[in-house]
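Number of protein chains: 2
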Amino acid sequence: MTESAQVASRQAQKERTRHLILAAALDLSQTQGFAQISLRQVARHAGIVPTAFYRHFDSMDELGLALVEQSFSTLRHMIREAQRDPKVLDNIIDAAAQVLVETVKQSKAHFAFVARERVGGSEAVRRAIQHELDLFVSELAVVLARLPNIETWSSEDVQMVSRLFVRNMVSNAEEVVDMPDGRPDLEEKIKEGARRQMRLIVIGFRDWRS
Amino acid sequence: MTESAQVASRQAQKERTRHLILAAALDLSQTQGFAQISLRQVARHAGIVPTAFYRHFDSMDELGLALVEQSFSTLRHMIREAQRDPKVLDNIIDAAAQVLVETVKQSKAHFAFVARERVGGSEAVRRAIQHELDLFVSELAVVLARLPNIETWSSEDVQMVSRLFVRNMVSNAEEVVDMPDGRPDLEEKIKEGARRQMRLIVIGFRDWRS
DNA sequence: CCATTGAGTGAACGTGCGTACACTCAAATA
DNA sequence: TATTTGAGTGTACGCACGTTCACTCAATGG
Numbered sequence: 029m030t031e032s033a034q035v036a037s038r039q040a041q042k043e044r045t046r047h048l049i050l051a052a053a054l055d056l057s058q059t060q061g062f063a064q065i066s067l068r069q070v071a072r073h074a075g076i077v078p079t080a081f082y083r084h085f086d087s088m089d090e091l092g093l094a095l096v097e098q099s100f101s102t103l104r105h106m107i108r109e110a111q112r113d114p115k116v117l118d119n120i121i122d123a124a125a126q127v128l129v130e131t132v133k134q135s136k137a138h139f140a141f142v143a144r145e146r147v148g149g150s151e152a153v154r155r156a157i158q159h160e161l162d163l164f165v166s167e168l169a170v171v172l173a174r175l176p177n178i179e180t181w182s183s184e185d186v187q188m189v190s191r192l193f194v195r196n197m198v199s200n201a202e203e204v205v206d207m208p209d210g211r212p213d214l215e216e217k218i219k220e221g222a223r224r225q226m227r228l229i230v231i232g233f234r235d236w237r238s
Numbered sequence: 029m030t031e032s033a034q035v036a037s038r039q040a041q042k043e044r045t046r047h048l049i050l051a052a053a054l055d056l057s058q059t060q061g062f063a064q065i066s067l068r069q070v071a072r073h074a075g076i077v078p079t080a081f082y083r084h085f086d087s088m089d090e091l092g093l094a095l096v097e098q099s100f101s102t103l104r105h106m107i108r109e110a111q112r113d114p115k116v117l118d119n120i121i122d123a124a125a126q127v128l129v130e131t132v133k134q135s136k137a138h139f140a141f142v143a144r145e146r147v148g149g150s151e152a153v154r155r156a157i158q159h160e161l162d163l164f165v166s167e168l169a170v171v172l173a174r175l176p177n178i179e180t181w182s183s184e185d186v187q188m189v190s191r192l193f194v195r196n197m198v199s200n201a202e203e204v205v206d207m208p209d210g211r212p213d214l215e216e217k218i219k220e221g222a223r224r225q226m227r228l229i230v231i232g233f234r235d236w237r238s
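Below, the structure written as structure tokens:
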């Protein structure tokens with residue numbers, strides 16, 4: 029037992045420092061954008077010396093990719109949790125709007141990171157995020173394909189509407205990210221906007237052809 | 029005459045250098061993103077010494093704002109031209125998709141700049157772009173409000189659907205920007221996607237309530 | 001024609017950066 | 001218990017950066 033505790037201690041300490049670095053980078057990203065921050069800034073913020081950074085990541089780019097992974101893992105986890113909520117079945121649109129705003133609010137930093145670096149980051153980070161979002165579109169397409177009005181659609185059309193949804197999810201997330209804290213009125217406005225946009229799109233489902 | 033040519037010469041030379049700086053910044057932005065490039069890089073690319081930069085802009089931020097202005101002026105000009113085209117009246121959606129892709133292709137660099145710095149740039153540049161986009165939403169809302177199915181809608185709803193359109197325009201522009209050159213198949217795919225998305229939204233117009 | 005103006009020059013500065021290298025010293029291992 | 005391992009340290013380096021300052025010299029205008 030003492031042995032396993034010791035074994036854990038070294039690894040655990042390393043893991044702890046790794047998380048400090050990730051947290052520091054995420055934190056600094058919120059004000060300046062990840063692409064703008066330096067290795068030394070991250071190290072300083074994490075409370076380590078610059079050289080120690082290399083024990084965990086080969087470069088800032090690798091740290092960025094780790095943040096992409098972390099962000100999407102967080103997102104997937106939250107969506108999985110939300111799907112267990114019985115309210116989702118009652119009114120999928122209101123629930124989606126609610127979940128969107130709540131989820132983004134809870135892990136603003138991760139969403140802000142994704143939203144910014146999706147277009148502003150390094151080539152590698154940008155590609156990684158685009159890949160994850162493409163996965164999302166495909167996953168959502170599977171869900172949409174089972175909806176009553178959509179089951180007869182061509183797969184291209186389903187992909188198209190899935191992209192439309194994910195895009196608007198990203199845009200709405202951007203809005204929540206930019207939202208100043210403690211403004212429930214703005215929050216409600218964004219939520220209502222998201223709800224209406226989704227409803228408008230869904231209405232189109234019924235009469236869609238080709 | 030000699031005098032006016034001379035008068036023009038000094039001003040004209042300054043104007044020429046200013047444009048060299050703007051072009052250099054726009055060019056460098058395409059590979060690295062404006063927020064990532066340095067004053068010295070811009071000066072080098074423009075063929076001037078770093079100190080000469082200050083004769084034209086107080087800071088990189090001011091240069092960024094000038095680029096925002098230039099980009100949106102280009103965009104507005106192109107939209108105004110497109111509206112003169114009689115085809116627009118026949119089929120507004122197909123025309124819009126066509127114009128979108130053509131316009132973005134023609135001034136890719138400006139769109140790439142706007143798309144990236146909209147979220148990744150400095151506070152000042154970001155706000156300027158957001159402001160211009162908000163103006164766009166309002167302008168489009170005026171146009172939309174005159175459409176048959178929409179004339180009875182509340183102004184909030186019109187703004188909402190206008191935002192939906194502008195968002196998708198931005199997203200589609202991002203796709204065209206990321207598109208490698210000389211791939212007409214991809215171009216057609218994006219255009220077709222944009223068309224379908226717009227049609228889906230428009231179909232929703234008819235049965236929208238509240 | 002001669003004094004003024006001002007766009008562009010070139011050297012110099014202090015700063016923060018990424019990375020190298022040799023190091024410490026506690027935990028892990030045999 | 002004695003040895004090895006490896007996370008974190010501290011110094012030092014060369015480099016690019018933004019900005020300063022005194023400058024040149026052709027276009028400008030009285």
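These protein sequence lines map, in sequence, to chains A and B.
Just so you know, we're using this note's numbering here: the first sequence kicks off at 29 and counts up by one.
Just so you know, we're using this note's numbering here: the second sequence kicks off at 29 and counts up by one.
Using N, Cα and C, we set each Cβ at its ideal position, and we do this for glycine too.
On a predicted model such as this, the values are computed, not experimentally measured, just so you know.
Give every residue of the same chain whose Cβ lies closer than 7 angstroms to the Cβ of L67 of chain A, excluding the five residues on either side of it in the sequence, and list them in chain order.
Translated into the one-based positions of the first sequence, residue 67 of chain A becomes position 39. So the qualifying residues of the chain are P78, F81 and M88.
CB G92 of chain A to CB V153 of chain A, shorter than 8 angstroms?
Numbered from its first residue, the first sequence carries residue 92 of chain A at position 64. Numbered from its first residue, the first sequence carries residue 153 of chain A at position 125. Taking C-beta atoms as the reference points, G92 of chain A and V153 of chain A count as a pair closer than 8 angstroms.
Short check: CB of I178 of chain B to CB of G232 of chain A, under 8 angstroms?
As a position in the second sequence, residue 178 of chain B is number 150, starting the count at 1. As a position in the first sequence, residue 232 of chain A is number 204, starting the count at 1. Against a cut-off of 8 angstroms, the Cβ pair of G232 of chain A and I178 of chain B comes out as no contact.
Are the C-beta of M188 of chain A and some C-beta of chain B separated by less than 8 angstroms?
Here residue 188 of chain A refers to the residue found at position 160 when the first sequence is read from its first residue. It does: the Cβ of M188 of chain A has a partner Cβ on chain B nearer than 8 angstroms.
Rounded to whole angstroms, what's the CA-CA distance from V194 of chain B to A94 of chain B? Just pull it up for me.
Residue 194 of chain B sits at position 166 when you count from the first residue of the second sequence. Residue 94 of chain B sits at position 66 when you count from the first residue of the second sequence. About 22 angstroms.
Shorter than 8 angstroms from the beta carbon of E31 of chain A to some beta carbon of chain B?
Sequence index remark: in the first sequence, residue 31 of chain A carries index 3 (1-based). Confidence at E31 of chain A is low in this model, with a pLDDT of 39, below 50, so its placement is unreliable and no value can be given for it.
Taking all protein chains shown into account, do 16 or more other C-beta atoms lie within 10 angstroms of the C-beta of L168 of chain A, making it buried, or fewer, making it exposed?
Counting from one through the first sequence, the residue named residue 168 of chain A turns up at place 140. L168 of chain A comes out buried.
Just how far apart, CA to CA, sit G221 of chain A and A156 of chain A?
By one-based count along the first sequence, residue 221 of chain A stands at place 193. By one-based count along the first sequence, residue 156 of chain A stands at place 128. So the two alpha carbons sit approximately 29 angstroms from each other.
Which of the three DSSP states is assigned to R154 of chain A in this structure?
For the purposes of this step, residue 154 of chain A is taken as the residue at position 126 of the first sequence. R154 of chain A falls in the helix class under three-state DSSP.
Interface flag, W236 of chain A vs chain B, CB-CB below 8 angstroms
Translated into positions along the first sequence, residue 236 of chain A becomes position 208. Output row for W236 of chain A: interface = yes.
Alpha carbon to alpha carbon, what distance is there between H138 of chain A and R223 of chain B?
Along the second sequence, read from residue 1 onward, the residue named residue 223 of chain B stands at position 195. Along the first sequence, read from residue 1 onward, the residue named residue 138 of chain A stands at position 110. About 32 angstroms.
What is the C-beta distance between M188 of chain A and Q225 of chain B, in whole angstroms, given that I count them as a contact (C-beta under 8 angstroms)?
Looking up residue 188 of chain A in the first sequence gives position 160. Looking up residue 225 of chain B in the second sequence gives position 197. The C-beta distance from M188 of chain A to Q225 of chain B rounds to 6 angstroms, short enough to fall under 8 angstroms.
Quick check: is the beta carbon of A63 of chain B nearer than 8 angstroms to any beta carbon in chain A?
Within the second sequence, residue 63 of chain B is the residue found at index 35, counting from 1. Chain A has a Cβ within less than 8 angstroms of the Cβ of A63 of chain B.
Give the secondary structure of R234 of chain B by DSSP, where H, G and I count as helix, E and B as strand, and everything else as coil.
Along the second sequence, one-based indexing puts residue 234 of chain B at 206. Correct three-state label for R234 of chain B: helix.
Excluding sequence positions up to five away, which residues of its chain have a Cβ less than 6 angstroms from the Cβ of Q34 of chain A?
As a first step, residue 34 of chain A is located in the first sequence; it is residue number 6 there, counting from the start. Here Q34 of chain A scores only 45 on pLDDT, less than 50, and its place in the model is too uncertain to base an answer on.
Measure the alpha-carbon distance for Q98 of chain B versus N119 of chain B and round it to whole angstroms.
Here the question's residue 98 of chain B lines up with position 70 in the second sequence. Here the question's residue 119 of chain B lines up with position 91 in the second sequence. Approximately 30 angstroms, taken between the alpha carbons.
Within a Cβ cutoff of 8 angstroms, which residues of the same chain sit near V70 of chain B, ignoring the five residues on either side of it in sequence?
The sequence position of residue 70 of chain B within the second sequence is 42, counting from 1. Here the set comprises I49, A52, A53, L56, F81, M88 and L91.
For D122 of chain B, collect the residues of the same chain with a Cβ closer than 7 angstroms to its Cβ; drop the 5 residues on either side in sequence, then sort them by chain order.
Taking the first residue of the second sequence as position 1, residue 122 of chain B is located at position 94. The answer, listed in chain order, is R223.
Quick check on T180 of chain A: buried or exposed, where buried means 16 or more other Cβ atoms within 10 Å of its Cβ?
In the first sequence, residue 180 of chain A corresponds to position 152, counting from 1. T180 of chain A comes out exposed.
Kindly say whether A53 of chain B, judged by its beta-carbon, lies nearer than 8 angstroms to any beta-carbon of chain A.
Along the second sequence, read from residue 1 onward, the residue named residue 53 of chain B stands at position 25. A53 of chain B does not count as touching chain A.
Just checking: is the beta-carbon of D162 of chain A within a distance shorter than 8 angstroms of some beta-carbon in chain B?
Here residue 162 of chain A is taken as the residue at index 134 of the first sequence, counted from 1. Output row for D162 of chain A: interface = no.
Check whether the Cβ of I120 of chain B lies closer than 8 angstroms to any Cβ atom in chain A.
One-based indexing of the second sequence puts residue 120 of chain B at position 92. False, the Cβ-Cβ gap to chain A never drops below 8 angstroms.
Residues near E202 of chain A by beta carbon distance below 7 angstroms, same chain, minus five either side
What you label residue 202 of chain A is simply residue 174 of the first sequence in a count that begins at 1. The answer, listed in chain order, is A143.
Is the beta carbon of E160 of chain A sitting closer than 8 angstroms to the one on F100 of chain A?
Within the first sequence, residue 160 of chain A is the residue found at index 132, counting from 1. Within the first sequence, residue 100 of chain A is the residue found at index 72, counting from 1. Yes, these two residues count as a Cβ contact at 8 angstroms.
Would K42 of chain B be called buried (16 or more neighbouring beta carbons within 10 Å of its own) or exposed?
For the purposes of this step, residue 42 of chain B is taken as residue 14 along the second sequence, with counting starting at 1. The residue is exposed, with fewer than 16 neighbouring Cβ atoms inside 10 Å.
Just to confirm, are A110 of chain B and V127 of chain B a CB contact at a threshold of 8 angstroms?
Position 82 of the second sequence holds residue 110 of chain B. Position 99 of the second sequence holds residue 127 of chain B. In contact: A110 of chain B and V127 of chain B (Cβ atoms closer than 8 angstroms).
Mapping the DSSP letters down to three states, classify M226 of chain B as helix, strand or coil.
By one-based count along the second sequence, residue 226 of chain B stands at place 198. Correct three-state label for M226 of chain B: helix.
Can you give the Cα-Cα distance for V204 of chain A and T45 of chain A, rounded to whole angstroms?
To locate residue 204 of chain A, count along the first sequence from 1; it is residue 176. To locate residue 45 of chain A, count along the first sequence from 1; it is residue 17. Rounded to the nearest angstrom, the two C-alpha atoms are 30 angstroms apart.
Residue from B:Q58, B:G75, B:H84 and B:I65 whose Cα sits closest to the Cα of Q39 of chain B:
For the purposes of this step, residue 39 of chain B is taken as residue 11 along the second sequence, with counting starting at 1. Checked all of B:Q58, B:G75, B:H84 and B:I65; the closest Cα to Q39 of chain B is B:H84.
Between the CA atoms of R72 of chain B and L103 of chain A - distance to the nearest angstrom:
In the first sequence, the residue the question calls residue 103 of chain A occupies position 75. In the second sequence, the residue the question calls residue 72 of chain B occupies position 44. Taking the straight line joining both Cα atoms gives about 43 angstroms.
Under three-state DSSP, which class holds L175 of chain A?
For the purposes of this step, residue 175 of chain A is taken as the residue at position 147 of the first sequence. If DSSP states are grouped into helix, strand and coil, L175 of chain A belongs with coil.
Distance cutoff 8 angstroms, beta carbons only. Does A169 of chain B sit that close to anything in chain A?
Looking up residue 169 of chain B in the second sequence gives position 141. No, its Cβ sits nowhere closer than 8 angstroms to a Cβ of chain A.
Determine whether the Cβ of D89 of chain A lies closer than 8 angstroms to any Cβ atom of chain B.
In the first sequence, counting from the first residue as 1, residue 89 of chain A sits at position 61. Not a single CB atom of chain B sits nearer than 8 angstroms to the CB of D89 of chain A.
Simplified DSSP state of S87 of chain B, which is helix, strand or coil
Locating residue 87 of chain B in the second sequence gives position 59, where the first residue counts as 1. The answer is coil: DSSP assigns S87 of chain B none of H, G, I, E or B.
Whole angstroms is fine: what's the gap from A74 of chain A's alpha carbon to D206 of chain A's?
Position 46 of the first sequence, counted from the start, is the residue given in the question as residue 74 of chain A. Position 178 of the first sequence, counted from the start, is the residue given in the question as residue 206 of chain A. One C-alpha to the other measures close to 25 angstroms.
Who are the neighbours of E202 of chain B on chain A, taking C-beta pairs under 7 angstroms?
If you number the second sequence from 1, residue 202 of chain B lands on position 174. Within chain A, the residues near E202 of chain B are V147.
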